[in-house]
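Numbering (our numbering), first residue to last: 2 to 55.
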């Protein structure tokens, strides 16, 4: 398996602590992980993900 990048863990921790987090990263950099972890830990909370598509 792969180890998460430090910024992924930092952002996931911020979201678990109810602190907003903005990620600007290119394709394949693992942007999904930071918002997936808090969503799984707190299924009763709402997660909003804004992702522009071409």
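A virtual CB, placed ideally from N, CA and C, is assigned to each residue, including glycine.
Quantities reported herein were computed from a predicted structural model and do not represent experimental measurements.
Check                                                                                                                                                             : Outcome
Grab the span of the alpha helix (DSSP H) containing residue 12 for me, first residue to last.                                                                    : 7-17
Starting from the Cα of residue 39, find the closest Cα among 55, 11, 29 and give me that residue.                                                                : 11
So, at 8 angstroms on beta carbons, what are the nonlocal neighbours of residue 42 in its own chain, with the 5 sequence-adjacent residues on each side left out? : 17
Whole angstroms are fine: how far does the CA of residue 20 sit from the CA of residue 26?                                                                        : 19 angstroms
Does DSSP put residue 20 in a helix, a strand or coil?                                                                                                            : coil
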